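Novice: Here it is, the structure, as structure tokens.
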Ligand code: HEM
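Residue numbers (my numbering): 12 to 237.
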């Protein structure tokens, strides 16, 4: 096997793994948003749902280890591919060929970094309680972990709201290009469905961002309250 063909195969292989790991993470983000939307049904619904998930340690830890593995794989391959592309083309184009590439596709590294910073912040904030320890051990009247109370407390703070909305913009931009690009990488092309595939990224991005921002703003504006 010649080196260029080996190089090509490993690049394609990395892209396929990136696409699959990215789609796995996207599925989590969709289910996470749907679960969190239960904040609109009140404390009982959201806290009972969170308790239900926590009471299944096998599911909880499989999801956590799965997410960590997918995210690590995705990020390591993203860095590797970016460095490989730079190495393959050490001199930047004199004229940037931006006409074809969308804004979302050109800013994948930046939006990915914003998203990574958001996730680290989010875990330190809501899961570990490092950023705001005051709400971490709250229990509701039923003795459940008070996720509803945590969210209401969190999104009354304008700085937290601004940081979460910024994270959603990173997420939206990343998903806009990532979903359609993953479908292409996996070779799912068919004349009858190509318009659908093209719309998949922006649609998923819009739905997830609107769902998450609705939670944040409903609490901030006092529509959902403690
Ligand atoms: C408005 C948007 C969001 C809200 C309201 C929200 C809410 C929450 C809550 C309540 C928890 C559980 C905290 C606890 O256990 O005490 C959590 C955990 C988590 N969230 Fe979010 N989240 C949002 C967006 C996101 C996004 C966009 C991502 C990923 C891109 C994400 C990834 C995670 C992860 C990985 C965990 C840890 C899960 C675990 O502990 O097993 N969240 N989130």
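Every residue gets a Cβ at the ideal spot worked out from N, C-alpha and C, and that includes glycine.
Keep in mind that this is a model prediction, so the values were computed, not measured.
For residue 75, which option in 52, 94, 43 and 26 has the closest C-alpha, if you only look at C-alpha atoms?
Specialist: 43
Novice: Kindly identify the DSSP beta-bridge partner or partners of residue 156.
Specialist: DSSP lists 150 as partners of residue 156.
Novice: Could you pull out every residue in the same chain whose Cβ sits closer than 6 Å to the Cβ of residue 158, ignoring the five residues on either side in sequence?
Specialist: 57, 58 and 61
Novice: By the 10 Å Cβ neighbour count, where 16 or more other Cβ atoms means buried, how is residue 223 classified, buried or exposed?
Specialist: buried
Novice: Could you give the DSSP three-state label for residue 195: helix, strand or coil?
Specialist: helix
Novice: For the segment 177-187 against the segment 207-225, are there 3 or more C-beta pairs whose distance is under 8 Å?
Specialist: yes
Novice: Considering just the uninterrupted stretch of the alpha helix (DSSP H) at residue 77, what are its terminal residues?
Specialist: 68-99
Novice: For residue 187, is the beta carbon positioned less than 8 Å from some heavy atom of the ligand HEM?
Specialist: no
Novice: Could you give the DSSP three-state label for residue 167: helix, strand or coil?
Specialist: coil
Novice: Mind checking residue 205: buried by the 16 CB within 10 Å criterion, or exposed?
Specialist: It is exposed - the Cβ of residue 205 has fewer than 16 other Cβ atoms within 10 Å.
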